[in-house]
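Structure first, commentary second.
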Amino acid sequence: MTKLKLGNIRDDKPVKLNVELPAHVHRDLTAYAEILGAENGETLEPAKLVAPMLERFMKTDRGFSKLRKDHRSSSPRSAQER
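Be aware that the sequence shown starts at 1, since it is given in the working numbering, and climbs by one per residue.
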């Protein structure tokens with residue numbers, strides 16, 4: 001069986017965010033939710049996958065991680081702590 005990049009979906013306090021998706025992205029998101037739900041024996045709403053997918057994407061984006069680290073180290077607050 002192929003391992004999906006997403007595991008169990010955490011139930012966390014949500015922040016409302018409205019986005020528009022291209023139809024093909026929504027179709028793929030729906031298919032992903034069906035497959036992941038079937039693997040875990042549950043029904044998943046496609047919208048519940050958006051946050052974990054974005055989180056995973058940002059965690060694995062090395063460029064973002066480097067720039068975020070650089071941004072934190074150059075912020076006025078971190079300079080005061082030195």
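The C-beta atom is built at its ideal place from N, Cα and C for all residues, glycine as well.
Within 10 Å of its beta-carbon, does Leu36 have 16 or more other beta-carbons around it, so buried, or fewer, so exposed?
Taking all protein chains shown into account, Leu36 has 16 or more neighbouring C-beta atoms within 10 Å of its C-beta and is therefore buried.
Between the CA atoms of Glu39 and Phe64 - distance to the nearest angstrom: Each residue's Cα considered, the two are about 31 Å apart.
### Query
With Ile9 and Pro52 assumed to form a contact (beta carbons below 8 Å), what rounded beta-carbon distance in angstroms separates them?
The pair is a contact, with the Cβ atoms about 6 Å apart (cut-off 8 Å).
Checklist entry - Which residues mark the beginning and the end of the alpha helix (DSSP H) in which Pro46 is found? => result Here Pro46 belongs to no alpha helix (DSSP H), and DSSP marks it neither H nor E.
Are there 16 or more other CB atoms within 10 angstroms of the CB of Arg82, so buried, or fewer, so exposed?
Legend: pLDDT at Arg82 = 48, less than 50; position of this residue unreliable, no value from coordinates given.
| Got a sec? Which residues, its chain only, sit under 7 Å from Lys5 by beta carbon, not counting five neighbours each side? | Closer than 7 Å at the Cβ level, and outside the excluded window around Lys5, lie Arg56.
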